[in-house]
Structures are given as structure tokens and as C-alpha cells.
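Q:
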Amino acid sequence: MSASRRTPWIIIVAVLAVAALVVGGLVWRGRAAGGEEEAAALAASLASGDAAPDEDARVLGAVREALGADPEVTLADAVEARGGVRTATYDWSWPLPEGTWDYTTTVELERGEGGWTPRIVAGALAPGLADGEQLEVADLEATPGTITDRDGTELYGPVDVKVLGLDKSQLEEADVDAAARELAGILGTDPDRLASTAAAAGDEAFVPALTIRVADEGSYRLDDAAQVPGFHVVEEQRPLALERDYAPGVLGSLREATAEDIEGSDGEIVAGDLVATGGVIAAEQDAVTGTRGLDIRAVDPESGDARSLTRLDPVDGTTVRTTLDDDLQRRATAAIAGEDSPSAVIALSASTGDVLAAALGPTGQSYPVGLVGQYAPGSTFKTVTALALLRAGVTPDTTLQCPETATVAGRSFKNADSMDPSLFGDMPLRSVIAHSCNTALLLQHETVDQAALADAGATLGIGQDAPAGLDAFMGSIDPADEGVEHAAAMMGQGRVLASPLAMATVLASVQNGATVTPRILDDQEPAAPEIAHPLTADETAQMQEMLRGVVTDGSLDDFADLPGEPVIGKTGTAEYTNADGELALHSWVIVARGDLVLAVFVEDGSYGSVTAGPIAREILAGS
């Protein structure tokens, strides 16, 4: 065969060889560009910390714990191929209390027998980290604000405190439970709760047991506490009422977050946070306490060198002004200081609904009864009944029957033992209210049904929403009650319930001539409730006249000589069965002079004029 005949075959083979090389090269390049799937899957493992658990815990553990959340991690760009190494770029986004912390890192993936394997180093987890560096989070404390009375007198603000607790780093694990229970016993706190909290805390943790004011440390057995293994004291400032037991339930309180608080908060609360309980501080916590900041730093554990990677500055607290009158609050507290059962004084401004004072008696106060107590209001509720009767066509001069006893639906009712028997018989409505004749109103149960009674109560503020910033019970009247329950409601017994705040609102509405909505936050105008039948001018005049008669001719005659504007009001007594199974009396009085309205309640007392009345008179006399 000649050379000329072989040439085409050589060309063909050569072309095929080149083609094979090209195809082979394309196949290789396709394989070499692999790793995309592994890089994409790696994003989720980086976010959860599972990509390299040990390195992640070392580098990012403090951030995960402080923020209480994992970051979002996404593959940012196409994977870059360089020889046998692939480089993937990731966008990180951590949720901060305000905003996010965003950054980018790169991770190298190397080809091995099992596929593409990421090489996780410190710089793959946070920006610019050298090997051996890790992240730390420093809290940046905000300066607390204050809560003041209406005139700017500081009631709540930064107070020097001591946090008493256990330093677990000083204890063997086997000794933690016993130490916690011993310390709780000395400090008067719950041993089970402290033991449980201590058991759940880290080995190096400080476990708070009780926070006390420095000014009050003499009231605690600190010398005995110091003998408990692991006992430790941390001194700091906390926002607190400047005086213990000042307006309990109104100002509220702050406490350190418990494990239960943290667990149930969906990441909103972390260890070291303060949790508000009740009152103004619960409604305005961020404004008063401010918002703490944080500084996330890259730290070299060996040298101690640190640099900030991102910083969220703290927001200092501000001043929250309340409607309280500090002078009146102190006078009310002093006036009720002698009571030995749960008791309360509520003071309102009739024109604005401002809560001017909310004082509690010194003993037996497991909760602020003046705000949240649910009691039969007794004859103070006859204010509501009188309005309902006026609307039914009864006038102050309408003659009613006032027998010694009356029977309704087979149940016998009587008047108070203190009522003068010479008064039994016919009397006008004005005298019924002045002398608080139970039977006269009971016998009108067919004139006014329960729905009309509930409507009159709503006009005078019963049943409205609690004021913003206060946990409060504003009373309840079931409009469906009938028979004996309805008859009893006519004199403030049965299933009618009210708090002292609710009854102060009733009289404030009469004095104001329109439904009053209480408020405690000075800068907030409360939303007025929708009232089906607002108080009219004629109703207001007649109600004020009848309640003035209680002072001039009835059970509040001790108030007749008080100087200043005329006093109006109503006493009340409600029977209840006490813990010993004995019949006892709630003592009530509601009085108003000018713009000032008072409700006084004593859980275990005598008639309203005997127990609650003198307390109210003392307060008014000092005004």
C-alpha cells in the first residue's frame, strides 16, 4: 500500500484520538467541578453546629448560648474549583436582640475516597479568625431608668443590692443539693426550687438564691449563710422600689429569670435576664430597665488578646411617670397600718381616673387585694342599685317599705343589727340609701331585673377592662341571675363581686357625672368603655344628693364636720364565712370630697362605719 493511500486513515485516527481527548477532558472537567451537592448540604450542618461539633463548640459555643438560637447559613456563590480543592462561600446571619449579625466565611472541601470533605477551621465559622481563636460574648449593661409619682418624686430606680447564691465551682457535685437546701432554709426561700436550679446549672455557674437590698441586709442571717459551702455574694445595682412594700401591686417587681422562664420563652429570655411581675414595671419594663447590649469578640485564649467583631450598644432606661401621689400614698399607708387582716385603700381622681394611691395593710397580704381582690361589695353596691331604681322610675322621694325582715323565693333576709329599729316602716328612697335598709331594696327586685342592675353597674364603671399597667379586677355582675341571687345582688351580696378599685370607680363616676376609666400611666389616655346608657345630669344630681344624705343623716355622719367641699359616700358590710367556718364581716366604705375619691376595705372587720370609716376619715382629714 502506498503512502498516499495510508494518509486518510492516519488523519481519521488522529481526529478520533483528539476527539477522545476532548470528550475525556469534558468528562474529567465535569467530575472535577463536583462538590456542589456537598457544599450545599454543608450549610445546614454549619448552622446547627454538626459540621464539626468540637470545633463549633469551641469557637461558637458562647454565641449560641448567649443568643439562644442558631444562625441562618446559606451557600453564597458557585463553588470555586482549584485543582483537587473546592472553595465554598457561605453567608451567616445571627439573630440579635435588635437586628442581625451578618458575615461571610469560606470553607475548603478536599476530594477523598468518600467524596468531598470540608476542612472546618476557626476562620470557616467566623470572619477573620486565626486558628486557636474563639468567640466570647460580653454583656453591656444598660443604665436603669426610674418610675416616679405624678410630680416627679422617684419611687422606683437603681438600688444597691446583694445577690446571694451558690458558686458551683467551689462545690463537689455530690454536695450541691445539700448546700442549696441548707442555704434556702437560712434565707427563707423554696429549697426544692433552689436545689433544682442548682442541679441544672453548669459546673462553673453562680446560682442566685435571693436578691436583697444592701440597706436591708441586717434583716437576713448572712453570718449563717456564709457557713454554707459554696456561698457567694455578688454586689450590683437593680431597678427596685426605693422602699420595700411601697404600693405593692402598682409598681410591680423584677426577679431573675428561672429555668422555667427561660424554657417557656421561645428564646425571648436567656439566663441573667430580669423578669417583671405585675404592675407598671411589667407594662413598661423595657422603658424602665433599658435594653442590654452585647459585644461579640474574637479572643485568643493563650494571649488574652481580643477584638470586637460586632457590637450592639445598650439602650438606657428612661423615666416612666405614674399618676400616684407620693404624699397621699404615704398617708393612706399610715392610716391602714393598724389593720391585722388583708386590707386596702384606693384613691382616685374623679375627674381623670388617676390612681392616686393604692395602699395595703401590713399583714396577711399575699396579693394586692385593693386591685385584684374579688369580694362581695355589700351596701356600697347600693350606689349601683339606686341608679337602676332611678332609671326604673323610682325617685329619691318615692316611698318604699323597710321591714325588719323580708322573704324572697323562700329565703329570709334581714337588716344589719346596727340599724335603729325605729326606722323600720315606710321611708323614701333617699332615706333607704342614707340608712342602708337592706329589705327595702330586696323588695324592689321585681322593679329592677338583673340585666338592668348590670347595665347600671356598667354605667358606673363595673366590668370594664383593667387599666394599662395594672393587674386589676374591675368587678362582675352576671346579668342572667334571678330569684334569690338577683335579690341578694340588690344589696351587694349574692354573686356580685368587686375590688376596692372597682368600687372607687363607681363613686368616682357618680362624682364625675360620667363613667370613669382608671389609669396609672401618666402619659396614656385610657380608652373609654362603650356605655349603653351614659349617666345623665339628672341622674348625677339625684345620686350625689342621696349619697350626701349618708353623711348628713346616715352612717357616715362622722364625716359631716370635715372642712372643705361636701363629702358624699356609702358604707358597706358583707357577710362571709371565714377559714374557721365562722360568719365574719367585710368592712367597706367609699367616700368622695371634691375630686378625691377613696375606697377602704378590711377583709375581717366590723360594720363599714366602724372599721373602714375611720381609716377614710383620717386620710381626708389630712388632705
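Using full-length UniProt numbering, you'd call the opening residue of the sequence shown number 1 and step up by one each time.
Using N, Cα and C, we set each Cβ at its ideal position, and we do this for glycine too.
1) Any idea what DSSP makes of E618, helix, strand or coil?
2) Cβ atoms of L324 and residue 628: under 8 Å apart, would you say?
3) Along the chain, where does the alpha helix (DSSP H) that runs through V63 open and close?
4) When we look at the beta-carbon of residue 625 and count the other beta-carbons within 10 Å, is it buried (16 or more) or exposed?
5) Considering Cα atoms alone, identify which of P563, S265 and T333 is closest to D245.
6) Using a Cβ-Cβ cutoff of less than 7 Å, which residues in the same chain neighbour A282 once the five nearest sequence positions on both sides are dropped?
7) Quick check: the segment 391 to 398 against the segment 595 to 605, are at least 3 beta-carbon pairs closer than 8 Å?
8) Need the endpoints of the alpha helix (DSSP H) that residue 699 sits in, please.
9) Give the single residue among I433, S412, L429 and C402 whose Cα lies nearest to the Cα of S422.
10) Closest by CA to A621, which one among P500, A541, P566 and D580?
11) In three-state terms, what does DSSP make of P95?
12) If you reduce the DSSP assignment to three classes, tell me which class E182 lands in.
13) Where does I531 sit, in a helix, a strand or coil, going by DSSP?
14) With H, G and I counted as helix, E and B as strand and the rest as coil, what does DSSP make of G157?
15) The alpha helix (DSSP H) spanning P500 covers which residue range?
16) Smallest Cα separation from G230: which of A174, L242 and S509?
17) When burial is assigned at 16 or more other CB atoms within 10 Å of the CB, is T104 buried or exposed?
18) Would you kindly report the start and end of the unbroken alpha helix (DSSP H) that includes K382?
19) Looking at the structure shown, is V372 part of a helix, part of a strand, or coil, going by DSSP?
20) Output needed for V23: all residues of its chain with C-beta closer than 8 Å, excluding positions within five of it in sequence on either side, in chain order.
21) According to DSSP, is H445 part of a helix, a strand, or is it coil?
22) By a C-beta neighbour count over all protein chains shown, 10 Å radius and 16 as the cutoff for buried, is H586 buried or exposed?
23) Does the beta-carbon distance from G35 to V73 come in below 8 Å?
24) Report yes if the C-beta distance between L497 and Y576 is below 8 Å; otherwise report no.
25) Tell me the DSSP secondary structure of R82 in three-state form.
26) Report back the beta-carbon spacing between residue 644 and F413 to the nearest angstrom; my notes put them in contact at under 8 Å.
27) Measuring straight from C-alpha to C-alpha, what distance separates G290 and R519?
28) Leaving out the 5 sequence neighbours to the left and right, which residues in its chain are closer than 8 Å to G25 when beta-carbon positions are compared?
29) Count the other CB atoms, across all protein chains shown, that sit within 10 Å of the CB of P239; report buried if there are 16 or more and exposed otherwise.
30) Spatial neighbours of E618 within its chain, please: CB distance less than 6 Å, with the 5 preceding and 5 following residues excluded, ordered by chain position.
31) Near S623, which residues of its chain fall below 6 Å by C-beta distance, leaving aside the five closest residues on each side in sequence?
32) Below 6 Å CB to CB, which residues in the same chain sit around W92 once its five sequence neighbours on both sides are set aside?
33) Report the option in G513, A502 and D77 whose CA atom is closest to the CA atom of H533.
34) Check P208 in the structure and name its three-state DSSP category.
35) So which of A358, T197, L400 and L470 has the shortest CA-CA distance to L521?
36) Is DSSP giving L583 helix, strand or coil here?
A: In brief:
1) For this step, residue 618 is matched to residue 618 along the sequence shown. Helix.
2) The first residue shown for the chain is 1 and the last is 623, placing residue 628 beyond what the model contains.
3) Your numbering for residue 63 matches position 63 in the sequence shown. P53 to L67 is the span of the alpha helix (DSSP H), which, as asked, contains V63.
4) With the chain covering 1 to 623 only, the question about residue 625 has no answer from this structure.
5) Residue mapping note: residue 245 aligns to position 245 of the sequence shown, counting from 1. Among P563, S265 and T333, the Cα nearest to that of D245 is on T333.
6) The residue you call residue 282 lines up with position 282 of the sequence shown. Hits under 7 Å: G252 and A276.
7) no
8) In this structure the chain extends from 1 to 623, so residue 699 is not present and cannot be described.
9) The residue labelled residue 422 in the question sits at position 422 within the sequence shown. Of the candidates I433, S412, L429 and C402, the one whose C-alpha sits nearest the C-alpha of S422 is C402.
10) Residue 621 sits at position 621 when you count from the first residue of the sequence shown. The option with the nearest alpha carbon to A621 is P566.
11) As a first step, residue 95 must be located in the sequence shown, where it is residue number 95. Strand at P95.
12) Numbered from 1 along the sequence shown, position 182 holds the residue referred to as residue 182. It is helical.
13) The residue given as residue 531 occupies position 531 in the sequence shown. Reduced to three states, the DSSP call for I531 is coil.
14) Residue 157 sits at position 157 when you count from the first residue of the sequence shown. G157 falls in the strand class under three-state DSSP.
15) For the purposes of this step, residue 500 is taken as residue 500 along the sequence shown, with counting starting at 1. Where P500 is concerned, the enclosing alpha helix (DSSP H) stretches over P500 to N512.
16) Here residue 230 refers to the residue found at position 230 when the sequence shown is read from its first residue. The option with the nearest alpha carbon to G230 is A174.
17) Counting from 1 along the sequence shown, the entry for residue 104 is found at position 104. Label assigned to T104: exposed.
18) Against the sequence shown, residue 382 aligns to sequence position 382. Unbroken alpha helix (DSSP H) run through K382: K382 to R391.
19) Working through the sequence shown from its first residue, we reach residue 372 at position 372. Of the three classes helix, strand and coil, the one that applies to V372 here is helix, per DSSP.
20) Residue numbering aside, residue 23 sits at position 23 when the sequence shown is read from its first letter. No answer about V23 holds up, because its pLDDT of 35 lies below 50 and its placement is not dependable.
21) Here residue 445 is taken as the residue at index 445 of the sequence shown, counted from 1. The answer is coil: DSSP assigns H445 none of H, G, I, E or B.
22) Here residue 586 refers to the residue found at position 586 of the sequence shown. Buried, since its Cβ has 16 or more Cβ neighbours within 10 Å.
23) Counting from 1 along the sequence shown, the entry for residue 35 is found at position 35. Counting from 1 along the sequence shown, the entry for residue 73 is found at position 73. Cβ distance not < 8 Å, so G35 and V73 don't count as in contact.
24) Counting from 1 along the sequence shown, the entry for residue 497 is found at position 497. Counting from 1 along the sequence shown, the entry for residue 576 is found at position 576. No, they are not a contact pair.
25) Residue 82 sits at position 82 when you count from the first residue of the sequence shown. It is a strand residue.
26) Since the displayed the chain opens at 1 and closes at 623, residue 644 lies outside it and no answer follows.
27) As a first step, residue 290 is located in the sequence shown; it is residue number 290 there, counting from the start. As a first step, residue 519 is located in the sequence shown; it is residue number 519 there, counting from the start. Straight-line Cα distance between these residues: approximately 23 Å.
28) The count along the sequence shown starts at 1 and reaches residue 25 at position 25. For G25, the pLDDT reaches just 31, beneath the cut-off of 50, and the residue's location in the model is therefore unreliable, although a value from the coordinates is still provided. None.
29) Locating residue 239 in the sequence shown gives position 239, where the first residue counts as 1. The residue is buried, with at least 16 neighbouring Cβ atoms inside 10 Å.
30) For the purposes of this step, residue 618 is identified with residue 618 of the sequence shown, where counting begins at 1. Cβ within range, chain order: A335.
31) For the purposes of this step, residue 623 is taken as the residue at position 623 of the sequence shown. Here the set comprises nothing.
32) Here residue 92 is taken as the residue at index 92 of the sequence shown, counted from 1. Counting only Cβ-Cβ distances below 6 Å, and skipping sequence neighbours, we find P71, V73 and Y103.
33) If you number the sequence shown from 1, residue 533 lands on position 533. If we check each option's Cα against that of H533, G513 comes out closest.
34) Looking up residue 208 in the sequence shown gives position 208. In the structure shown, P208 sits in a strand (DSSP, three-state: E or B).
35) Start at 1 with the first residue of the sequence shown, and residue 521 comes out as number 521. For L521, the nearest C-alpha among the options comes from L470.
36) Within the sequence shown, the letter at position 583 stands for residue 583. The answer is strand: DSSP assigns L583 an E or B state.
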